[in-house]
Ligand code: GAL
């Protein structure tokens, strides 16, 4: 190649590298299961395509382990460039401390208020009129996942609702199948409680307690039925000695457990295992009784960074995460619903379609993360873990302690 062409090749390479700020951003999250990792890869691919670099900062052990690490790094002066939190109040103190990047200008330029659906997700990112996070998905915990293989082996039809599931438990046991798979991470017991509360207790009772913090409702006869259902679940989960939620999901995938109550992020695991909704497994939102979903899920927050190039790249990252292309690619892999209503999800499977239908009907609850403070959430977690692991605690005892937490909730 002659000298002139060499010069041109060098100049164009230099131009390309300087024309796009190739900035590395460290992004922390707690998505470490097979399905979650597949979803993260979609975000990483999309961000790398902007000419920047996604530096993955996965923290294993679930949100309960990861969030304290994220918070201490931000408050300790060693911030990442972006981090996951759930929708709601988890980052409230970091925002109040002035440690988080204000995204309002970007949000207004891109019309997030018209894009995000339901609008409550953006409200959860807003404090004193300013927007501090980009919502990325809608996850709802209130799903029951059932293994077709397990019920076939037990010789009983796949249940259509909670009561049929409870009634099928003895047959599952006889067939050597764990009726209910439940991991030992504390939030899983509280998630199970939340699903049973709406599934068995219904919407009105749920609102009285979770919105009005009505102590009489929390200690009343309707709630007693919820705690009896929790005792049934405790019996069904007896013997389920796995730790992580996705290990419990894998028991359903392999047919060694009849079912699991878990958020729709479990979908990602069924997908990675090439299982088909409606053929290999059945999903029952609201336990097949009260089909309400809560708009839980995830958002990304951006700690303030000194480096202006990184600050610019942070805004590119936020903009990518809410883009139509990234929303489709990420949510299909994550098993969650998108945060915008203007995209085509024709590739959605039966379960995601059920979720989209409920989203469209508006049968939505605010996620617990948006109503009770993180501290109150922890108290609920602790009570439900204790109850699920200690048969000496009666449903009546648990309900009494539950009502006391509601009474003291901030
Ligand atoms: C939730 C999160 C989901 C899912 C789950 C299990 O808090 O919203 O995205 O990953 O944790 O890790």
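Residue numbers (mature numbering (1 follows the signal peptide of the UniProt record, and there is no 0)): -22 to -1, 1 to 388. Think of the CB as a built atom: it goes at the ideal place given N, C-alpha and C, for glycine as much as any other residue.
- Shortest gap from the CB of residue 126 to any heavy atom of ligand 1: 7 Å or more.
- In this structure residue 328 is in contact with residue 255, their Cβ atoms being roughly 4 Å apart against a cut-off of 8 Å.
- When DSSP states are grouped into helix, strand and coil, residue 243 belongs to the coil group.
- Just measuring C-alpha positions, the residue of 60, 20, 56 and 33 sitting nearest residue 279 is 60.
- Rounded to whole angstroms, the Cβ separation of residue 21 and residue 299 is 7 Å, and the two are in contact under 8 Å.
- With respect to residue 197, residue 377 sits close: the two C-beta atoms are nearer than 8 Å.
- For residue 281, the closest alpha carbon among the candidates 190, 291, 135 and 234 is that of 291.
- Around the Cβ of residue 369, a 10 Å sphere holds fewer than 16 other Cβ atoms; the residue is exposed.
- At least one heavy atom of ligand 1 falls within 7 Å of the beta-carbon of residue 64.
- Per DSSP, the continuous alpha helix (DSSP H) segment holding residue 329 begins and ends at 328 to 339.
- In this structure, DSSP gives residue 30 a state outside helix and strand, which the three-state scheme calls coil.
- For residue 165, the enclosing alpha helix (DSSP H) starts and ends at 164 to 174.
- In the structure shown, residue 369 adopts coil according to DSSP, grouped into three states.
- Residue 4 carries a strand assignment under DSSP once its states are collapsed to helix, strand and coil.
- Taking residue 43 as the centre and dropping the five residues before and after it, the same chain places the C-beta of 8 and 37 closer than 8 Å to its C-beta, in chain order.
- Residue 33 and residue 138 have their C-alpha atoms some 44 Å from each other.
- As DSSP reads the structure, residue 259 sits in a beta bridge with 125 and 255.
- Boundaries cannot be given for residue 139, as no alpha helix (DSSP H) includes it and DSSP labels it neither H nor E.
- When the Cα atoms are used, residue 67 and residue 117 turn out to be separated by approximately 16 Å.
- Non-local C-beta neighbours of residue 100 in its own chain, meaning closer than 8 Å and more than five positions away in sequence, comprise 85, 90, 91, 94, 109 and 113, ordered along the chain.
- Within the same chain, and ignoring the five residues on either side of residue 97 in sequence, the residues whose Cβ sits closer than 8 Å to its Cβ are 91.
- Between residue 159 and residue 211, the beta carbon gap of about 11 Å keeps them out of contact (Cβ cut-off 8 Å).
- Taking C-beta atoms under 8 Å as the contact rule, residue 312 and residue 115 qualify, at a distance of about 6 Å.
- Within the DSSP bridge table, the entry for residue 342 names 271 as partners.
- One Cα belongs to residue 286, the other to residue 306, and the distance between them is close to 30 Å.
- Around residue 183, the same chain offers 195, 200 and 201 as residues with beta carbons nearer than 7 Å, after the five sequence neighbours per side are excluded.
- In the three-state reduction of the DSSP assignment, residue 350 falls in the coil class, being assigned neither a helical nor a strand state.
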